[in-house]
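Chemist: Note that the first sequence covers residues 13 to 872 in the numbering used here. Note that CB positions come from ideal geometry on N, CA and C, so glycine has one too. Please read these numbers as outputs of a predicted model, since none were measured by experiment.
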Amino acid sequence: MTELPERPAETVAPKYDFAHAEPAWQAAWDKAGCFTAVDVPTGDKPKYYVLEMFPYPSGKIHMGHVRNYTLGDVVARYKRARGFDVLHPMGWDAFGLPAENAARQRKTDPASWTYENIATMRGELKRMGLSLDWSREFATCDPEYYGQQQQLFLDFWAAGLVERKQSAVNWDPVDNTVLANEQVIDGRGWLSGALVERKILSQWFLKITDFAPDLLAGLADLPRWPERVKLMQENWIGRSEGAEVTFPLVGADAGITVYTTRPDTLFGMSFLAIAPEHPVARTLAESNAAVAAFVADCASQGTSEAAIETAEKKGFDTGLKVVNPFNGETFPVWIANFVLMEYGTGAIFGCPCGDQRDLDFARKYNLPVPVVVSPTAGEVPEIGNKALDGDGFIVNSGFLDGMTTKAAKGAAIAKLEELGAGKSVVNWRLRDWGISRQRYWGCPIPVIHCAACGPVAETKLPLVLPKDVSFDKPGNPLDHHPHWKHVTCPKCGGKATRETDTFDTFIDSSWYFARFTAPKSATPTNMAAVNHWLPVDQYVGGIEHAILHLLYARFFTRAMRQTGHLAVGEPFAGLFTQGMVTHESYKDADGNWLYPEEVTKHADGRATTEDGREVTVGRIEKMSKSKRNTVDPGVIIERFGADAARWFVLSDNPPERDVEWTETGAQGAFRFVQRLYRIAETIAGEPKVAMPAVFEGEAKKLRQLTHRSIAAVTEALETFAFNVAVARAYELLGALVGDRPADAALLWARREAIEILARLVSPMIPHVAEAANMLLNPGAALVAMQPWPEPEPALLVKDELTVAVQVNGKLKGTITIAAGTDAAVAVAIAKAAVAGALKGQTIVKEIYVAGRIVNFVVKP
RNA sequence: GCGGGUGUGGCGGAAUGGUAGACGCACCGGACUUAAAAUCCGUUGGGCCCUAGGCCCGUGGGGGUUCAACUCCCCCCACCCGCACCA
13 MTELPERPAE TVAPKYDFAH AEPAWQAAWD KAGCFTAVDV PTGDKPKYYV
63 LEMFPYPSGK IHMGHVRNYT LGDVVARYKR ARGFDVLHPM GWDAFGLPAE
113 NAARQRKTDP ASWTYENIAT MRGELKRMGL SLDWSREFAT CDPEYYGQQQ
163 QLFLDFWAAG LVERKQSAVN WDPVDNTVLA NEQVIDGRGW LSGALVERKI
213 LSQWFLKITD FAPDLLAGLA DLPRWPERVK LMQENWIGRS EGAEVTFPLV
263 GADAGITVYT TRPDTLFGMS FLAIAPEHPV ARTLAESNAA VAAFVADCAS
313 QGTSEAAIET AEKKGFDTGL KVVNPFNGET FPVWIANFVL MEYGTGAIFG
363 CPCGDQRDLD FARKYNLPVP VVVSPTAGEV PEIGNKALDG DGFIVNSGFL
413 DGMTTKAAKG AAIAKLEELG AGKSVVNWRL RDWGISRQRY WGCPIPVIHC
463 AACGPVAETK LPLVLPKDVS FDKPGNPLDH HPHWKHVTCP KCGGKATRET
513 DTFDTFIDSS WYFARFTAPK SATPTNMAAV NHWLPVDQYV GGIEHAILHL
563 LYARFFTRAM RQTGHLAVGE PFAGLFTQGM VTHESYKDAD GNWLYPEEVT
613 KHADGRATTE DGREVTVGRI EKMSKSKRNT VDPGVIIERF GADAARWFVL
663 SDNPPERDVE WTETGAQGAF RFVQRLYRIA ETIAGEPKVA MPAVFEGEAK
713 KLRQLTHRSI AAVTEALETF AFNVAVARAY ELLGALVGDR PADAALLWAR
763 REAIEILARL VSPMIPHVAE AANMLLNPGA ALVAMQPWPE PEPALLVKDE
813 LTVAVQVNGK LKGTITIAAG TDAAVAVAIA KAAVAGALKG QTIVKEIYVA
863 GRIVNFVVKP
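1. Using the Cα positions of Leu83 and Asn735, report the straight-line distance between them to the nearest angstrom.
2. Taking contact to mean at least 3 C-beta pairs separated by less than 8 Å, is the region 531-548 in contact with the region 481-498?
3. Can the beta-carbon of Arg752 be found closer than 8 Å to that of Ser721?
4. Could you pull out every residue in the same chain whose Cβ sits closer than 7 Å to the Cβ of Gly95, ignoring the five residues on either side in sequence?
5. Reducing DSSP to helix, strand and coil, say where Tyr60 ends up.
6. Could you check how far apart the C-beta atoms of Thr315 and Val181 are, in whole angstroms? I think they sit under 8 Å.
7. Just tell me which of Ala348, Pro260, Arg443 and Ala756 has its CA closest to the CA of Ser179.
8. Can we count Ala232 as close to the ligand PLP, meaning its CB is less than 7 Å from some heavy atom?
9. Could you tell me whether the Cβ atoms of Trp346 and Gly327 are closer together than 8 Å?
10. Scan the region 356-435 and note each continuous alpha helix (DSSP H) run of 4 residues or more that stays entirely inside, going in chain order.
11. Please look up how many angstroms separate the CB atoms of Leu218 and Val174, rounded, as I've assumed it's under 8 Å.
12. How close, in whole Å, do the beta carbons of Glu289 and Thr269 come, if the pair is a contact with beta carbons under 8 Å?
13. Quick check: Asp272 and Trp440, are their CB atoms within less than 8 Å of each other?
14. Please classify Cys363: is it buried, with 16 or more other beta-carbons within 10 angstroms of its beta-carbon, or exposed?
15. Take Phe66 and list the residues in its own chain whose beta-carbon comes closer than 8 Å to its own, dropping the five residues that flank it on each side.
16. Can you give me the Cβ contacts of Thr120 inside the same chain, cut-off strictly under 8 Å, excluding the 5 residues immediately before and after it?
17. Looking only at its own chain, which residues have a Cβ that is under 8 Å from the Cβ of Arg5, when we skip the five neighbours before and after it?
18. If you follow the beta strand (DSSP E) that Gln843 is in, where does it begin and where does it stop?
19. Give a yes or no on whether the C-beta atoms belonging to Leu794 and Cys46 are separated by under 8 Å.
20. To the nearest angstrom, how far is it from the Cα of Val9 to the Cα of Ile766?
21. Leaving out five residues before and five after Cys875 in sequence, what residues of the same chain have Cβ atoms less than 6 Å from its Cβ?
22. Does DSSP put His77 in a helix, a strand or coil?
23. Does the region 552-559 come into contact with the region 582-590, if we say contact requires no fewer than three beta-carbon pairs (one atom in each stretch) closer than 8 Å?
24. Compare the Cα-Cα distances from Ala781 to each of Cys310, Pro790 and Ala796 and report the closest residue.
25. What whole-angstrom Cβ distance do Pro393 and Ser386 have, given they're in contact under 8 Å?
26. Considering only residues of the region 521-604, which uninterrupted beta strand (DSSP E) runs meet the minimum length of 3 residues and lie entirely inside it, listed in chain order?
27. Mind checking Met703: buried by the 16 CB within 10 Å criterion, or exposed?
28. Starting from Cys462 and walking both ways along the beta strand (DSSP E), at which residues does that stretch end?
29. Are the beta-carbon atoms belonging to Ile865 and Ala816 less than 8 Å from one another?
30. Quick test of your reading: Thr718 and Leu744, contact by CB under 8 Å. State the CB separation rounded to the nearest angstrom.
31. Looking only at its chain, what residues have a beta carbon closer than 8 Å to the beta carbon of Thr388, apart from the 5 residues adjacent to it on each side?
32. Would Asp549 be called buried (16 or more neighbouring beta carbons within 10 Å of its own) or exposed?
33. Under three-state DSSP, which class holds Gln873?
34. Among residues of its own chain, excluding the 5 on either side of Ala615, which ones have a beta-carbon nearer than 8 Å to its beta-carbon?
35. Ignore the nearest five residues each way along the sequence and tell me which others in Ala792's own chain have a CB closer than 7 Å to its CB.
36. Quick check for students: name the residue ranges of the alpha helix (DSSP H) that lie wholly in the region 645-673, counting only runs of 4 or more.
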């Protein structure tokens with residue numbers, strides 16, 4: 013048994029000394045090896061894999077991490093108590109842009125910066141008392157990890173899941189470097205301030221679209237994922253049924269093919285629009301300066317979809333004409349900035365009456381707006397500035413007239429096929445995953461470019477990043493390196509160059525959960541381990557990853573299965589998405605952001621700086637360094653303890669919602685921890701009596717509350733309603749304050765209650781739970797190794813019921829009846845109780861919902 | 001622009017279609033103390049008649065379904081998140 017340090021003698025009031033106790037209990041768990049899992053277990057316990065999204069080592073942990081890892085830890089500890097063999101690992105998502113930025117600013121190198129941050133953050137996480145198996149820790153920037161990742165890539169390549177094609181990037185023409193979307197501020201490079209251009213590069217892609225149908229279908233097999241996340245994924249994958257229609261160009265042999273989900277509105281065509289990157293636009297630009305200028309203008313928009321779709325609609329009439337196969341009329345071909353090259357064919361036919369964007373465009377350029385859809389059959393509505401994009405009936409459309417829009421889609425496609433002008437097509441919004449990044453601090457792409465052989469796989473893995481790089485000039489240091497990229501071709505032995513791009517860091521996080529099952533394996537995975545532990549039973553992380561990370565991980569799992577690296581279908585069987593941690597933000601009179609500790613709040617609601625300058629209290633928003641509204645968990649843990657910090661992030665708010673960090677909330681959590689310990693200490697000092705044969709009165713009530721609490725906390729933990737579990741703990745503890753009872757039965761019931769309470773809160777505040785347990789039962793096993801308490805069914809049964817009595821649905825009073833009383837009796841008592849309200853009324857109907865409510869429907 | 005979400009007292013929130021506001025915070029009152037802190041006890045949605053007690057209103061707004069709606073349906077408003085090179 014662990015010896016706790018003695019409480020300092022000068023402390024007058026008994027006080028739980030978390031600063032000494034918490035590290036001592038952490039050492040005790042370590043020594044007992046409570047949290048270590050084996051790669052391939054031989055026992056017969058059921059497995060449970062709990063995983064939280066691993067952190068980026070940015071410097072220090074933040075409150076979002078505290079929340080995320082506490083949530084996961086509650087699950088891990090609870091499942092362990094329920095008899096599961098739990099795997100709960102931790103690692104570091106260590107590649108990424110911030111390390112390069114730090115390297116540029118601080119003249120350090122990304123590797124040392126990253127590993128120093130990891131050391132700091134590991135210490136902070138350990139101080140939280142998380143039940144992690146630290147023996148499995150790795151960072152994605154460890155060559156042992158990314159070398160295996162390079163192997164996976166080569167296997168994917170051999171399996172045909174990789175291809176090279178062109179794609180657009182944000183280009184800073186001053187710094188001559190590729191910019192990430194977040195480095196583009198209002199269309200300008202964040203450092204140079206230069207207007208950003210779109211530039212086309214040849215890049216590597218993973219063929220995630222090959223799996224689009226399966227990624228969509230697989231969502232149906234994920235009952236323990238939030239509906240909204242599945243819905244977002246479904247929309248992102250974006251299966252749509254429509255048609256490809258080819259419009260012949262007037263005076264040419266060629267045509268332009270568009271994809272449309274609304275072939276029913278083809279008679280409502282007003283124009284045809286193509287993306288600025290469309291081959292037709294590019295060809296025109298070569299010989300036409302005006303076209304070239306317009307295309308260049310569109311290229312200054314940035315590459316993000318939001319930027320493209322919210323920009324003011326702009327178009328350029330190319331002078332080209334196309335023919336509508338349905339009515340033979342000719343229409344102009346425009347280049348339009350809101351048409352996305354990545355979706356469909358990069359060309360649309362414009363039907364202003366049925367599509368808002370087309371209508372906005374038509375109004376701006378005075379194009380006709382033929383009306384072909386009507387909400388009511390047979391009528392032709394007026395179109396103002398609002399398109400009729402819902403379902404309805406087709407009008408003014410020849411052979412489609414009178415059909416519903418739905419029926420007309422089928423009829424139009426059949427006609428297109430008959431005319432040889434188009435065909436039915438299933439289209440996906442999902443695009444192939446571009447994985448090339450022109451950066452240093454990432455996993456090197458293990459490919460060598462040979463003039464004779466083309467791209468060739470690197471044979472010596474891991475292909476390690478060179479350390480002697482310079483960040484003195486913009487662009488990719490790997491590309492500037494004096495000799496790293498100059499190699500010989502592994503195939504022909506001729507001169508060749510290395511690929512200097514690195515992988516998108518999303519790749520690193522797309523399979524780490526698999527690597528955790530056997531982190532030292534000489535191959536990417538150990539089949540026995542990975543197939544035993546996967547899928548992750550409970551994954552916990554931020555809602556901001558609802559689409560990309562989760563989709564990429566689901567894709568990787570499929571690609572790894574296809575290449576023989578694992579045998580499961582889905583990576584995460586259960587998913588929980590937590591909300592953000594927020595805080596008030598503060599600004600001084602000059603508009604500078606202030607840290608919370610720089611602000612003093614006054615009783616009258618005013619806020620000032622220490623030297624009395626006025627402070628504006630801003631919105632409550634996501635904690636971020638730039639707004640300075642952060643609270644350092646390290647400071648909080650030092651002041652209040654790990655348990656208090658954990659209790660706070662679990663209290664009050666449902667975990668899926670945002671939580672606002674408040675000082676008073678933290679103090680409240682601290683008080684609870686202290687109070688729990690104090691009451692445990694009091695009860696431990698009371699006489700230990702034998703279990704009485706009968707419990708009556710207060711003692712029985714307390715036992716009922718204790719066992720109802722077991723049931724309630726258990727249910728709350730099972731459903732991630734941790735705030736409700738916290739409330740139930742407060743309730744039970746509240747029943748234990750007060751003086752030592754004289755009654756032996758009550759003494760026994762009190763001791764039972766506090767012992768059970770310590771175990772019920774142990775997944776949430778494990779340190780003080782151990783401390784209380786030791787006080788009450790010196791020499792007992794660690795709470796971390798004890799099974800979960802079971803309620804006694806007899807104590808969950810209520811012997812009397814409170815029933816609400818309503819007249820016409822309005823509450824008039826309550827009655828208490830013995831359990832098992834039949835409906836007639838209950839109604840009769842209820843009637844007597846509200847006799848006044850029923851006087852002079854005729855009872856039309858009596859409703860009795862057993863044990864809950866009686867409702868009299870009356871009329872005068 | 002597209003996609004997803006949220007909205008309940010002074011605040012965070014609770015509530016299988018069945019007593020709205022559990023539990024916490026804050027506030028106020030009381031006990032203890034030389035005092036403070038800590039601790040313990042108690043009150044607190046709004047309005048009205050008023051002292052017993054009772055009545056009315058109340059879950060972003062407006063409709064609807066139902067004996068009964070925070071909960072289900074329709075419309076609207078406000079705010080938040082994501083949009084493929086931030087992680």
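Modeler: Straight from the coordinates:
1. Residue 83 sits at position 71 when you count from the first residue of the first sequence. Residue 735 sits at position 723 when you count from the first residue of the first sequence. So the two alpha carbons sit approximately 11 Å from each other.
2. With the cut-off at 8 Å, the region 531-548 and the region 481-498 do not touch.
3. As a working mapping, residue 752 is identified with position 740 in the first sequence. As a working mapping, residue 721 is identified with position 709 in the first sequence. Not in contact: Arg752 and Ser721 (Cβ atoms no closer than 8 Å).
4. Numbered from 1 along the first sequence, position 83 holds the residue referred to as residue 95. Contacts found: Lys57 and Pro799.
5. Within the first sequence, residue 60 is the residue found at index 48, counting from 1. Assigned with DSSP and collapsed to three states, Tyr60 falls in strand.
6. The sequence position of residue 315 within the first sequence is 303, counting from 1. The sequence position of residue 181 within the first sequence is 169, counting from 1. The C-beta distance from Thr315 to Val181 rounds to 7 Å, short enough to fall under 8 Å.
7. Indexing the first sequence from 1 puts residue 179 at position 167. Of Ala348, Pro260, Arg443 and Ala756, the smallest CA-CA separation from Ser179 is found for Arg443.
8. Questions concerning the ligand PLP fall outside what the structure shown contains, since it holds no ligand whatsoever.
9. Locating residue 346 in the first sequence gives position 334, where the first residue counts as 1. Locating residue 327 in the first sequence gives position 315, where the first residue counts as 1. Against a cut-off of 8 Å, the Cβ pair of Gly327 and Trp346 comes out as a contact.
10. 368-376 and 417-431, all fully within the region 356-435.
11. For the purposes of this step, residue 218 is taken as residue 206 along the first sequence, with counting starting at 1. For the purposes of this step, residue 174 is taken as residue 162 along the first sequence, with counting starting at 1. About 6 Å separates the Cβ atoms of Leu218 and Val174, confirming a contact at the 8 Å cut-off.
12. Looking up residue 289 in the first sequence gives position 277. Looking up residue 269 in the first sequence gives position 257. A Cβ-Cβ separation of about 15 Å leaves Glu289 out of contact with Thr269 under the 8 Å criterion.
13. As a working mapping, residue 272 is identified with position 260 in the first sequence. As a working mapping, residue 440 is identified with position 428 in the first sequence. Residue identity differs from the one stated: residue 272 is Thr in this sequence, not Asp. It is not a contact, given that the beta carbons lie outside the stated cut-off.
14. Numbered from its first residue, the first sequence carries residue 363 at position 351. Cys363 should be labelled buried.
15. What you label residue 66 is simply residue 54 of the first sequence in a count that begins at 1. Leaving aside the five residues that flank Phe66 on each side, the residues in its chain whose CB is nearer than 8 Å to its CB run, in chain order, Met102, Gly103, Trp104, Asp105, Ser521 and Tyr524.
16. As a first step, residue 120 must be located in the first sequence, where it is residue number 108. Closer than 8 Å at Cβ, skipping near neighbours: Ala114.
17. Since the displayed the chain opens at 13 and closes at 872, residue 5 lies outside it and no answer follows.
18. Working through the first sequence from its first residue, we reach residue 843 at position 831. Note that residue 843 is Lys in the sequence shown, not Gln. For Lys843, there is no enclosing beta strand (DSSP E); the enclosing alpha helix (DSSP H) covers residues Ala835 to Ala845.
19. Counted from its first residue, the first sequence places residue 794 at position 782. Counted from its first residue, the first sequence places residue 46 at position 34. Yes, they are a contact pair.
20. Look at the range of the chain in this structure, 13 to 872, and you will see that residue 9 is not part of it.
21. Coverage of the chain is limited to positions 13 through 872, which leaves residue 875 absent and any answer about it impossible.
22. Residue mapping note: residue 77 aligns to position 65 of the first sequence, counting from 1. DSSP places His77 in helix when its eight states are reduced to three.
23. Under the three-pair Cβ rule at 8 Å, the region 552-559 counts as touching the region 582-590.
24. As a position in the first sequence, residue 781 is number 769, starting the count at 1. Of Cys310, Pro790 and Ala796, the residue nearest in Cα terms is Ala796.
25. The residue given as residue 393 occupies position 381 in the first sequence. The residue given as residue 386 occupies position 374 in the first sequence. Indeed they touch by this definition, with Cβ atoms about 5 Å apart.
26. The qualifying runs are 550-554, 587-590 and 593-600.
27. Locating residue 703 in the first sequence gives position 691, counting from the first residue. Exposed: under 16 other Cβ atoms inside 10 Å.
28. On the first sequence, residue 462 is found 450 positions in, with the first residue counted as 1. If you look at Cys462, you'll find it in the beta strand (DSSP E) that goes Val459 to Cys462.
29. Within the first sequence, residue 865 is the residue found at index 853, counting from 1. Within the first sequence, residue 816 is the residue found at index 804, counting from 1. Their beta carbons are under 8 Å apart, which means Ile865 touches Ala816 by this criterion.
30. Within the first sequence, residue 718 is the residue found at index 706, counting from 1. Within the first sequence, residue 744 is the residue found at index 732, counting from 1. About 7 Å; that satisfies the 8 Å criterion.
31. The residue given as residue 388 occupies position 376 in the first sequence. For Thr388, where only same-chain residues beyond five positions count, the Cβ hits under 8 Å are Gly404 and Phe405.
32. For the purposes of this step, residue 549 is taken as residue 537 along the first sequence, with counting starting at 1. For Asp549, the number of other beta carbons within 10 angstroms of its own is at least 16, and it is reported as buried.
33. What the structure shows of the chain is the stretch from 13 to 872, and residue 873 is not part of that stretch, so it cannot be assessed.
34. Here residue 615 refers to the residue found at position 603 when the first sequence is read from its first residue. Per-residue confidence for Ala615 stands at a pLDDT of 48, beneath the threshold of 50, marking its modelled position as unreliable; no derived number is given.
35. As a working note, residue 792 is residue 780 in the first sequence. Once the five neighbours on either side are set aside, the close Cβ partners of Ala792 are Asn785.
36. The region 645-673 contains these whole alpha helix (DSSP H) runs: 645-652 and 654-662.
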